[in-house]
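Student:
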Amino acid sequence: MQDPFYHKQKRKKKARMLDADAWLDSFLYEFWQSVGRGYTRVQDFFSIFHVSGIKRFFVEIISDGLSFAAIGAVLVTALALPAFDSTASGKFNKAEDYSVLFLDRYGNEIGRRGIRSDDSYPLDKLPDVFVKATLATEDQHFYRHFGIDVFGTLRALLSNAQGDGGLQGGSSITQQLAKNLFLTNERTLERKIREAFLSIWLEWHYTKDDILKLYFDRAYMGGGNFGAAAASEYYFGKPITDVTLAESAMLAGLFKAPTKYAPHVDLAAARGRANVVLSRMVDAGFLTEGQVTAARRNPATPVDRSDELNSPNYFLDYAFEEARKIIEVSDTTSNSFVVRTTIDPVLQSYADDAVTSVVREQGDAYNVHQAAMVVTDTQGAIRAMVGGVDYGKSQFNRAIVPNRQPGSAFKLFDYATAFEMIPEYDPDTVVSGATQCIGNWCPRNYSGNSVGRISLISAFQQSINTVPVNLSIKTGRQPIADFAKKIGLTNEFEVTRSLALGAASVSVIDMTSSYAAFASGGYKTPAYGITRVRTLSGEQIFEVDPDAPRERVVSERTVNYMNRMLRAVVEHGTGRRAQIEGVPTVGKTGTTSSYRDAWFCGFTGNYVASVWFGNDDYQVTKDLTGGTLPTIAWQKFMAYAHTNTEIKPVIGVDFTPTPFVVTTADGAPVVEQQVERPPSLQPAAAKKLLDLADRLAATLKQARPPATAALDVTPANKAL
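Under this note's numbering, think of the first position of the sequence shown as 856, with each following residue one higher.
1. Less than 7 Å between the C-beta atoms of asparagine 1252 and aspartate 1172, yes or no?
2. Give the secondary structure of tyrosine 1473 by DSSP, where H, G and I count as helix, E and B as strand, and everything else as coil.
3. Can you tell me which of Phe1052, Glu885, Asp1208 puts its alpha carbon nearest to the alpha carbon of leucine 930?
4. Can you tell me where the alpha helix (DSSP H) with glutamate 1398 in it begins and where it stops?
5. Could you check how far apart the C-beta atoms of threonine 1330 and methionine 1276 are, in whole angstroms? I think they sit under 8 Å.
6. When we look at the beta-carbon of leucine 1326 and count the other beta-carbons within 10 Å, is it buried (16 or more) or exposed?
7. Extract the residue ranges of the beta strand (DSSP E) inside the segment 1366-1440, only unbroken runs of 3 or more that lie entirely within it.
8. Looking at the structure shown, is tyrosine 1462 part of a helix, part of a strand, or coil, going by DSSP?
9. Please report the distance separating the alpha-carbon of arginine 960 from that of valine 1241.
10. To the nearest whole angstrom, what separates the beta carbons of arginine 1308 and valine 1286, a pair I think is in contact under 8 Å?
11. Measure the alpha-carbon distance for valine 1098 versus glycine 1077 and round it to whole angstroms.
12. Mind checking lysine 1068: buried by the 16 CB within 10 Å criterion, or exposed?
13. Check each candidate in Ser1369, Gly969, Ala1129, Gln1203 and name the one with the smallest Cα separation from alanine 1178.
14. Output the boundary residues of the beta strand (DSSP E) element that contains isoleucine 965.
15. Please confirm whether valine 1578 and arginine 1412 have their CB atoms less than 7 Å apart.
16. Beta-carbon within less than 8 Å of proline 1154's beta-carbon, same chain only, minus the 5 sequence neighbours each way: which residues are those?
17. For glycine 1145, which of helix, strand or coil comes out of DSSP?
18. Here's a check: name, in chain order, each residue in its chain whose Cβ is nearer than 8 Å to the Cβ of histidine 1224, leaving out the five neighbours to either side.
19. Secondary structure at alanine 1254, three-state DSSP: helix, strand or coil?
20. Are the beta-carbon atoms belonging to valine 1230 and arginine 1238 less than 7 Å from one another?
21. How would you call arginine 1299, buried or exposed, if buried means at least 16 neighbouring beta carbons within 10 angstroms?
22. Buried or exposed for threonine 1096, please, with buried defined as at least 16 other CB atoms from any protein chain shown within 10 angstroms of its CB.
23. At a cut-off of 6 Å, is glycine 1288 close to the ligand FMN when judged by its beta-carbon and the heavy atoms of the ligand?
24. Starting from the N-terminal side, write out each stretch of the beta strand (DSSP E) that is 3 residues or longer and does not extend beyond the segment 1269-1350.
25. Measure the alpha-carbon distance for proline 1094 versus glutamate 1088 and round it to whole angstroms.
26. Given that a residue counts as buried once 16 or more other Cβ atoms are within 10 Å of its Cβ, and exposed if not, what is aspartate 919?
27. Can you have a look at glutamate 993 and say buried or exposed, based on whether 16 or more other CB atoms are within 10 angstroms of its CB?
28. Taking leucine 1484 as the reference, which of Phe1455, Leu1122, Thr1447, Leu1551 has the closest Cα?
29. Across which residues does DSSP place threonine 1446 in a beta bridge pair?
30. Helix, strand or coil: which one does DSSP assign to methionine 1076?
31. If you count every other CB in all the chains shown that lies within 10 Å of the CB of asparagine 1165, and 16 or more means buried, which is it?
32. Return the first residue and the last residue of the beta strand (DSSP E) that phenylalanine 1492 is part of.
33. Output the distance between the C-alpha atoms of leucine 956 and glycine 966, rounded to the nearest integer angstrom.
34. DSSP puts phenylalanine 1192 in a beta bridge; with which residues?
35. Would you say phenylalanine 886 lies against chain B (beta-carbon separation less than 7 Å)?
36. Where do the ends of the beta strand (DSSP E) carrying arginine 1238 lie?
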């Protein structure tokens, strides 16, 4: 009989588990033994390289160097990718697209913009002295480096640090060409890295002569000229093949700072720079001191370009961009154009003088160094544009960039919106001037004092802050923003609780357009500077239609109300310095927080103008307000502009302009007949005037010699 407790299968399963356990133990033992033996062999192998003492120091340095080199290779590859992307398209930056000749409103030439280039001369036809002058100044080791002159860069940094005036540049010719062909002028570390990689790429794909020829053809040489050949024609009136040593030195001095050293801008600076170039040629061994002596004694004399110094350059930059927009949507295949503009040279000179003289005379006292002005007629045609105090030092056009806050000059939109939305409001309406907080923001008046109930016209002329804020609460802030954009502002700005006090970024030209809507009687009046565009062959591609219908954006009622209030600002408010005898002037001052921006915007029956004063770096001024320098400059311009011209009335303003006097051929003045309001004298005042006239007549009779008396003066009371 089989034992009931005996199970054969269970015994086999137990034996398998024991086998597995034994195998696992053996495997782990052998594994760790093999690992130990392998580690021992590795130690034995590396023990061959064991060093100590001074040898160990050098081994550590090399080891760390290789590690950092590997990391650097990965980093360099990552940084090089954007540079390689720039070359992937195979296209270079365009120098410019069009050549444009600009005329003023009367048809006279005022300037040019766009391309003026010539690449028709091969490198071997260029004068040897010009090539050597460029190499000596820009890159002495051009034919010996790989695209980046490492030693030259270090030498330039050392020279400039020692106060050598920064005359030695750190970029090779190849680097400068890489920037011209592929990059922008932004000064960033990323751009310099891309520039270095692109320089190596250029050296790999082009010969040295090809790179030098491209550099001579693509470099900007000032005065709107691209390339040495075009610059030679422009500055000296001769082909590049005929330039002398002195002229070559002057041209070579333009590469690094064409605006600063352009001879038509500053001849003394251009000659000084040319003298430095001659010295560099001697230092580089290209010429001897004796060979350059004649060029030093007889410096180059450029052709006369003095007429271009008075060109309205800020306006021309603006008009060129506007012309490009018009040309790009046309069907023309031409690239040369004649553009008729709206600019008035006389008014432009008045505007330049008004702005620069005020900054020069009083800018330091207020710690203000920049200003801008835009002047239009009441239909929007730009008559003058000042984008800064010195175009030669800064070409940044402050008149067209919407990056400044208008302060209280923005209140025009607040009050006009209230008049448009609330029919029962008029300038004499009395409202509360008490401070109303919006959240945790509680506006304060400039004086720091609160006001009680006050009329809208008084609040506007005194530039009270609490009233427009209260109006914005009543009308809503979004309608104010919508109204501002409808009549003139073109940029986007955030609708914040402080919008009513001018917390929005605007431009001088947009503020002029906005105020022009009230000068024109309530019609949309955007500023424009171009009236006609034609190709050089005479094909017309654009012309302004003076009879085109205009959109009404402000009601007549609101125009009359606002013009009356703007007049009150000049008569009794913060803009009293804007008054001109015999001219109806209206406007509004504006001052931002911390005195960073100061404005005056206003108009007469003839012209609309906005003036801004401030600093480019947003540095605070010394308590500069809109009622001081901006108003002074505005009044100075308007006084000039209204001399010997017919004074037109302002809509809604009760003011009798000075009669317009025309002189005839024989010199006798002829007074234009104008409708005059009958006098409204009180009886007592009339009696005093009659009595004064009687006394004057009696005095004249007594003083007149009897023998020569020929004129009978009748007493005024009898004449009446």
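Virtual Cβ for every residue (Gly too), placed ideally from N, Cα, C.
Tutor: Concretely, from the data shown:
1. yes
2. coil
3. Phe1052
4. No alpha helix (DSSP H) contains glutamate 1398, which is instead part of the beta strand (DSSP E) from 1395-1398.
5. 5 Å
6. buried
7. 1385-1390, 1395-1398
8. strand
9. 17 Å
10. 7 Å
11. 18 Å
12. buried
13. Gly969
14. 964-969
15. This structure does not reach residue 1578, given that the chain is present from 856 up to 1575, and the question cannot be answered.
16. Ala1101, Met1105, Arg1126, Ala1129, Asn1130
17. helix
18. Val1214, Gly1218, Val1244, Asn1470, Asp1471
19. coil
20. yes
21. exposed
22. exposed
23. For the ligand FMN, the structure offers nothing, since it holds no ligand at all.
24. 1285-1287, 1308-1310
25. 6 Å
26. exposed
27. buried
28. Phe1455
29. Ala1453
30. coil
31. exposed
32. From DSSP, phenylalanine 1492 is part of no beta strand (DSSP E) but of the alpha helix (DSSP H) over 1484-1496.
33. 6 Å
34. Val955, Thr1390
35. In the structure shown, chain B cannot be found, because there is only a single protein chain.
36. 1237-1241
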